[in-house]
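Novice: Below you will find the structure I want to go over with you.
Numbering (my numbering), first residue to last: 837 to 954.
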């Protein structure tokens, strides 16, 4: 069975909010309880979406501010975004708001498409 669809998903949020833990739980069905800051990791998972075999290319991004220069590139290449924040840290929600992810354009055309935000 060949892969019909392919989507690039970007996991975004501040440092230490659980982006990698959620991503690894989804990919490997394993919960990582130790915190190890990520610079950037990528994963692939084949799953069924709307009855079609779909390839998800998932980019687990750095939450630390010192990697902000990398942010623009992966924001332009993403087709969907998972915004992660900590319920016990309102500042992590504010961090999501500062990045203006909901206003990112798809970068693939001039039609003014707005990125999908999960």
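Every residue gets a Cβ at the ideal spot worked out from N, C-alpha and C, and that includes glycine. Being a predicted model, the structure only gives us computed values, none of them experimental.
Secondary structure at residue 894, three-state DSSP: helix, strand or coil?
Specialist: Residue state, collapsed to three classes: strand.
Novice: Taking just the CA atoms, how far does residue 889 sit from residue 869?
Specialist: 31 Å
Novice: Taking all protein chains shown into account, decide if residue 934 is buried (16 or more other Cβ within 10 angstroms of its Cβ) or exposed.
Specialist: exposed
Novice: With burial defined as no fewer than 16 other Cβ atoms inside 10 Å of the residue's Cβ, what is the status of residue 885: buried or exposed?
Specialist: exposed
Novice: Would you mind stating whether residue 844 and residue 897 have Cβ atoms separated by less than 8 Å?
Specialist: no
Novice: For residue 842, I'd like the list of residues in its chain whose CB is within less than 6 Å of its CB, leaving aside the five on either flank, ordered along the chain.
Specialist: Taken in chain order, the residues that qualify are 891.
Novice: Could you pull the DSSP bridge partners for residue 918 from this structure?
Specialist: 847
Novice: Buried or exposed: where does residue 859 fall if 16 or more other Cβ atoms within 10 Å of its Cβ makes it buried?
Specialist: buried
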